[in-house]
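Here is the structure we will look at, set down as structure tokens.
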Amino acid sequence: MKIISAFLAAAFFPVLAFAEDALVEGGRSPDGRYEVRLVRTPNYDGNKDGSEYLFHITSKNTKKPLLKLGGSGFRPYTSAQKYCKALWDKSGRFVAIMDRDTRHSTDIHVIVVTPSRATNLEIPDYAQNALGRVDATEVDFACISNPKHWDGDDLILQLYFTANGRHSYTCDVTLRVTNQERSSPWLRLTAVTQPEVDAPAAE
1 MKIISAFLAA AFFPVLAFAE DALVEGGRSP DGRYEVRLVR TPNYDGNKDG SEYLFHITSK
61 NTKKPLLKLG GSGFRPYTSA QKYCKALWDK SGRFVAIMDR DTRHSTDIHV IVVTPSRATN
121 LEIPDYAQNA LGRVDATEVD FACISNPKHW DGDDLILQLY FTANGRHSYT CDVTLRVTNQ
181 ERSSPWLRLT AVTQPEVDAP AAE
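Residue 169 in the working numbering sits at position 169 of the sequence shown; the count goes up by one each step and never skips.
Put into structure tokens, the structure is as follows:
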């Protein structure tokens, strides 16, 4: 009986571990050294904690994560596995992470990774820049950013938003990771294309 119990435990625990700690879609860096993993928050209590999951930036060379990021908490861990994704640049130095912030919006993180640490960069308010290009001051329904690709140090995002009576707009945004001697890396907004307008969004 003990042998059977041990066999069942060995078969069960790997599945459980995977369910509690999973690689995000696109989460492995091109060189295989780093990963973005989705980790269920221990002792989660929906009334006290804003999220049931965290993002861990991990390295093959260290046991502890280089960085832990709180998730949005919009949906539970099992649902987050389906919609969260990561986009690495070719060098494996930068990664963009997309999280679902609300039903009609996303949250973007841009991380700079080194062998010893990972840094979450502050993101410029590119949505406000795009709104100004259509003579609007605020989003009235949806605001969704989707990382498209990296071009060297530049991250190109596709931004979809609604404004001016729920008219739908789409544009491209370019964010550049800037590294200067004797200073920490930072993000700057370098381009926003003129938003293209579609039909009014459905109710």
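Every residue, glycine too, gets a C-beta built ideally from N, C-alpha and C. Remember, it's a predicted structure, so these values are computed and weren't measured experimentally.
From this set, the options, which residue's C-alpha is nearest residue i's C-alpha?
i, options, result
"Val-146", "Arg-182, Gly-70 and Ile-97", "What sits at residue 146 in the sequence shown is Asn, not Val. For the residues Arg-182, Gly-70 and Ile-97, the minimum Cα distance to Asn-146 belongs to Ile-97."
"Gln-204", "Gly-92, Trp-186, Arg-176 and Ala-127", "No answer is possible for residue 204: it lies beyond the span of the chain, which begins at 1 and ends at 203."
"Ser-51", "Glu-35, Thr-78, Asp-31 and Pro-30", "Thr-78"
"Arg-33", "Pro-42, Ile-57, Asp-154 and Val-39", "Ile-57"
"Asp-154", "Asp-172, Phe-161, Asp-140 and Cys-143", "Asp-172"
"Pro-124", "Ile-108, Ala-118, Arg-133 and Glu-138", "Ile-108"
Using the C-alpha atoms, what's the distance from residue j back to residue i?
i, j, result
"Val-192", "Glu-122", "18 Å"
"His-167", "Pro-115", "45 Å"
"Ser-183", "Leu-69", "23 Å"
"Leu-159", "Val-197", "12 Å"
"Thr-41", "Arg-117", "21 Å"
"Cys-143", "Leu-131", "11 Å"
"Arg-133", "Phe-94", "29 Å"
Short of 7 Å in beta carbon distance, which residues of its chain neighbour residue i, apart from the five on each side in sequence? Order them along the chain.
i, result
"Lys-85", "Val-24, Glu-25, Gly-26 and Met-98"
"Pro-65", "His-56, Ile-57 and Thr-58"
"Pro-30", "Trp-88, Lys-90 and Gly-92"
Skipping 5 residues on each side, what residues in its chain have a beta carbon closer than 6 Å to that of residue i?
i, result
"Tyr-83", "Arg-100"
"Thr-102", "Phe-74"
"Thr-190", "Thr-174 and Arg-176"
"His-149", "Ile-156"
"Val-39", "Asp-21, Leu-54 and His-56"
Going by DSSP, what residues sit across from residue i in a beta bridge?
i, result
"Ile-57", "Val-36 and Leu-67"
"Ile-97", "Ala-86 and His-109"
Looking at chain B, is there any beta carbon in it that lies within less than 8 Å of the beta carbon of residue i?
i, result
"Ala-130", "Looking at the structure shown, chain B is missing, and only one protein chain is on hand."
Are there 16 or more other CB atoms within 10 angstroms of the CB of residue i, so buried, or fewer, so exposed?
i, result
"Gly-165", "exposed"
"Glu-138", "exposed"
Whose C-beta lies closer than 8 Å to the C-beta of residue i among residues of the same chain, with five residues either side of it excluded?
i, result
"Gly-152", "Asp-89"
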